[in-house]
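Accompanying notes for the structure given below.
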Amino acid sequence: ETGVTQSPTHLIKTRGQQVTLRCSSQSGHNTVSWYQQALGQGPQFIFQYYREEENGRGNFPPRFSGLQFPNYSSELNVNALELDDSALYLCASSSGLAGTDTQYFGPGTRLTVL
Amino acid sequence: QQQVKQSPQSLIVQKGGISIINCAYENTAFDYFPWYQQFPGKGPALLIAIRPDVSEKKEGRFTISFNKSAKQFSLHIMDSQPGDSATYFCAASSGSTLGRLYFGRGTQLTVWP
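Heads up: the sequence lines are chains Y and H, in that order.
Residues 1 to 114, numbered by our numbering, are exactly what the first sequence covers, in order.
Residues 115 to 227, numbered by our numbering, are exactly what the second sequence covers, in order.
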């Protein structure tokens, strides 16, 4: 069974640029959630996708957007990058929407905005 | 506003000792409380989880104690080992928030040999 994978591992961008992060969910999982983890903080929920539809969003501006594909893989897009967007971006997949469905996290993408 | 408050921020324990991490929450709608373990360069991994209908859950050396009236829960690591050195996060979710997890700020545990 393949776990959650994310690409790229690291990324450096400058302020104002756009970035796309990718996530492949664990086999059999149809739900993907994205989290932002700032240095020394706990992960903060960005949004969740279920069967290609956004199904809940945290307190993040519209320049954070996402997609889920028919194979349940997902993308996180961030436009007009700001310095505060520097963080570890985590993708988690689960087999359903319920809060009790275990979320399996990938290793994350470390984004640095200069 | 931090929905889940976690303490301490860091913890140093000798090998064989007991590590205790505490969390508190305000939202009484929360009905699922997982603990995650994160090693450097890795994503968080589920360690153990509890529902509020029980006061304690034990899995190996890891125990969650849950106090519904106080809205507090804690993780106890018995016989702590150097391999347990990691960052631990408590989290909470509810049926109304579906899969959204609210995380604490984390506790960096160091176990000295």
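The beta carbon of each residue, even a glycine, is placed where N, CA and C say it ideally should be.
Measure how close the beta-carbons of residue i and residue j come, nearest whole angstrom, since I'm counting them as under 8 Å.
i	j	result
H:N136	H:Q195	The Cβ separation is near 21 Å, so there is no contact.
Y:Y33	Y:Q48	One point to set straight first is that residue 33 of chain Y is Ser, not Tyr, in the sequence displayed. Confirmed, about 4 Å.
H:S179	H:S169	7 Å
Beta-carbon within less than 8 Å of residue i's beta-carbon, same chain only, minus the 5 sequence neighbours each way: which residues are those?
i	result
Y:P70	E52
Y:Y104	G3, V4, Q26, H29, A92, S93 and S94
Taking only beta-carbon positions, decide if residue i is within less than 7 Å of chain Y.
i	result
H:F203	yes
H:F147	no
H:G157	yes
H:K187	Inspection of the sequence shows that residue 187 of chain H is occupied by Phe rather than by Lys. No - not a single Cβ of chain Y is within 7 Å of the one on H:F187.
Cutting at 7 Å between CB atoms, please list the residues of its own chain near residue i, excluding the five before and the five after it.
i	result
H:K129	S194, Q195, P196, V225, W226 and P227
Y:L97	T31, Y50 and N55
H:F217	V118, F203 and A205
Does residue i have its Cβ less than 7 Å from a Cβ in chain H?
i	result
Y:Q48	yes
Y:L11	no
Y:P61	no
Y:T102	yes
Y:F69	no
Return yes when the Cβ of residue j is within less than 7 Å of the Cβ of residue i, no when it is not.
i	j	result
Y:Q37	Y:A87	yes
H:F176	H:I164	no
Y:T14	Y:L114	yes
H:Y150	H:A206	no
Skipping 5 residues on each side, what residues in its chain have a beta carbon closer than 6 Å to that of residue i?
i	result
Y:F60	I46
Y:T112	I12 and S86
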